[in-house]
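Below is one structure; the comments refer to it alone.
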Amino acid sequence: QKEVEQNSGPLSVPEGAIASLNCTYSDRVSQSFFWYRQYSGKSPELIMSIYSNGDKEDGRFTAQLNKASQYVSLLIRDSQPSDSATYLCAVKRGESFQKLVFGTGTRLLVSP
Amino acid sequence: DAGVIQSPRHEVTEMGQEVTLRCKPISGHDYLFWYRQTMMRGLELLIYFNNNVPIDDSGMPEDRFSAKMPNASFSTLKIQPSEPRDSAVYFCASSYLGGDSYEQYFGPGTRLTVT
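In order, the protein sequence lines correspond to chains F and B. Each position in the first sequence, counted from 1, maps to that position plus 14 in the working numbering. Take the second sequence: its letter number 53 is residue 41 in the working numbering, and every next letter is one higher.
What follows is the structure, encoded as structure tokens:
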């Protein structure tokens, strides 16, 4: 079992729809969770972080965390073609303060 | 302030040659990370440093790989000898301890092709 699992996609949604990206993790001591966006040929950039159970909203983005189910998700409202990218879920282990473990990413395609 | 700087951006070399990748972290950051990204394995952490000291090198694939950080503003990742399976994009990232949020800032990457 991979430590951080994501569906590779592609996830295709029409412009204006809600895109839902999911991630599961295996290490129960994980404390911090991150979503990075990576455009083709570019480097990852952080778009959301979440540390406690529940929802965290930032503009069109909402991160959701359920530690009991070991599940974290990212919702993108009013999806735009410019949101088309690969979204990487990353988990920070409790015992190693700065180390992140990344999933392989979900490719999102938003069609006009 | 400039972001993380990596050089070269592209490297093409023949199997058996030595390859050296370079990274300059963001000034004031005390953590530096080296990652490798491939389609098959995704983004993998190779090694990370704190205050120039290697903390975790468990991701370094084998003895052909080595990394150094001689000072706070420079790090190298060396592959000797290189093999075709080392072809990947290598990212350097930096971060600092403190603040309200934790973020690793990634450099633009070095695309390595070993023929």
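Each residue gets a CB set at the ideal place from its N, CA and C atoms; glycine is no exception.
Give me the Cα-Cα distance between Y23 (chain B) and S63 (chain F), rounded to the nearest whole angstrom. Rounded to whole angstroms, the separation of the alpha carbons of S63 (chain F) and Y23 (chain B) is 20 Å.
Rounded to the nearest angstrom, what separates S57 (chain F) and A82 (chain F) at their Cα positions? The alpha-carbon atoms of S57 (chain F) and A82 (chain F) are separated by roughly 31 Å.
Taking only beta-carbon atoms, is G97 (chain B) less than 8 Å away from chain F? Yes, because at least one Cβ of chain F sits closer than 8 Å to the Cβ of G97 (chain B).
On the criterion of 16 or more Cβ atoms from any shown chain inside 10 Å, does L65 (chain B) qualify as buried, or is it exposed? Buried: at least 16 other Cβ atoms inside 10 Å.
Run through chain F and tell me which residues come within less than 9 Å of S83 (chain B), C-beta to C-beta. Under the 9 Å cutoff, chain F gives Q112.
Proximity winner among B:I14, B:P96, B:L85, B:R29, relative to S75 (chain B) (alpha-carbon distances): Comparing Cα positions, the closest option is B:R29.
Interfacial residues, the stretch 52 to 81 of chain F to chain B, with Cβ spacing under 8 Å: Flagged, chain order: K56, S57, P58, E59, L60, S63.
Opening and closing residue of the beta strand (DSSP E) in which M62 (chain F) lies: Boundaries of the beta strand (DSSP E) around M62 (chain F): 59 to 64.
In whole angstroms, give me the CA-to-CA distance for I61 (chain F) and F48 (chain F). I61 (chain F) and F48 (chain F): Cα-Cα distance of roughly 8 Å.
Who are the Cβ neighbours of Y39 (chain F) in its own chain at under 6 Å, not counting the five residues just before and after it? Result list for Y39 (chain F): V18, Q84, V105, in chain order.
Provide the residue span of the beta strand (DSSP E) that contains T64 (chain B), from first to last. First-last of the beta strand (DSSP E) with T64 (chain B): 62 to 67.
Would you give the residue range spanned by the beta strand (DSSP E) that T89 (chain F) belongs to? Note that residue 89 (chain F) is Leu in the sequence shown, not Thr. Counting along the chain, the beta strand (DSSP E) containing L89 (chain F) begins and ends at 85 to 90.
Residue(s) in a DSSP beta bridge with P42 (chain B): Looking at the DSSP assignment, P42 (chain B) forms a beta bridge with B:F37.
Since G23 (chain F) meets chain B, which of its residues come closer than 9 Å, beta carbon to beta carbon? The contacting residues do not exist; G23 (chain F) stays about 13 Å from chain B at best.
Counting only beta-carbon separations shorter than 8 Å, does Q92 (chain B) have a partner in chain F? So, interface residue.
Taking just the CA atoms, how far does T100 (chain F) sit from F94 (chain B)? Between F94 (chain B) and T100 (chain F), the C-alpha separation is close to 15 Å.
Would you kindly report the start and end of the unbroken beta strand (DSSP E) that includes H(-2) (chain B)? Here the beta strand (DSSP E) through H(-2) (chain B) covers -2 to 1.
Taking Cβ positions, are V7 (chain B) and S54 (chain B) nearer each other than 8 Å? At a Cβ-Cβ threshold of 8 Å, V7 (chain B) and S54 (chain B) do not count as neighbours.
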